[in-house]
Amino acid sequence: MKKPIIDETKLPEVKKIISDANSLMTEKDCENDAIYRKELEALQDRLREVTGNAQIKIRDYWRYDEAVSDETAARGALMSPPEKEDLTNEQIKEIVVHILEHVEAEMDWWLDCLRVNTGLDNLTDYIFYPDVVGLDREASLDQIADKIIEDRK
């Protein structure tokens with residue numbers, strides 16, 4: 181089972197790129213002003229180059245600071261998207277049981293990993309609101325994992 185890897189040496193640069201882009205998008209009209217649009221595109225290119233992720237979108241980080249810290253946003257950007265694997269039931273249980281032990285960016289990555297590998301789009305419901313998926317509100321993580329395994333597509 182693959183795990184998220186973060187190149188800590190790139191963290192400061194990614195934080196700066198995201199912060200600069202957020203400021204630019206918040207303060208300037210990047211849609212209609214060619215100069216600012218070009219600046220944003222340059223930040224987009226740099227973010228893709230540093231992270232090695234050709235699919236990452238700089239616009240996804242507009243107003244990110246209302247929801248997460250610079251550190252969390254940068255860590256998330258540095259993680260490669262999870263890939264489809266043939267996870268065993270035991271691996272799914274391991275992810276669910278340990279998901280809340282991770283920092284926010286890694287927790288999001290593991291949720292995406294489960295989403296990719298189970299076909300379930302509402303995994304946060306399973307983890308945080310088990311009663312929404314037919315479990316007791318106080319369901320254990322083992323019970324939640326069993327329900328995810330049962331419901332996967």
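The numbering of the sequence shown is our numbering, which starts it at 181 and goes up by one. Even glycine gets a Cβ: it sits at the ideal position worked out from N, Cα and C. Computed from a predicted structure; not experimentally measured.
Please classify C354: does DSSP put it in a helix, a strand, or coil? Any property of residue 354 remains undetermined from this structure, which presents the chain solely from 181 to 333.
Report yes or no: do three or more beta-carbon pairs, one from the segment 235-250 and one from the segment 187-206, lie closer than 8 Å? yes
Straight-line Cα distance separating F308 from I329: 16 Å
Less than 8 Å between the CB atoms is what I'm expecting for K327 and V313, so what's the real figure, rounded? 6 Å
Would you decide whether D288 is buried or exposed? Buried here means 16 or more other CB atoms lie within 10 Å of its CB. buried
Taking all protein chains shown into account, decide if P310 is buried (16 or more other Cβ within 10 angstroms of its Cβ) or exposed. buried
Please look up how many angstroms separate the CB atoms of E273 and G299, rounded, as I've assumed it's under 8 Å. In the sequence under discussion, the amino acid at residue 273 is Lys, which differs from the Glu named in the question. K273 to G299, Cβ: 17 Å. No contact.
How big is the Cα-Cα spacing for A254 and I238? 11 Å
When we look at the beta-carbon of T189 and count the other beta-carbons within 10 Å, is it buried (16 or more) or exposed? exposed
Cβ separation of V194 and T231, assumed to be a contact under 8 Å, to the nearest whole Å: 7 Å
Since Q271 is in the alpha helix (DSSP H), which residue starts that stretch and which ends it? 269-278
Taking C-beta to C-beta, are K182 and E263 nearer than 8 Å? yes
Do you know offhand how far A325's Cα is from V276's? 6 Å
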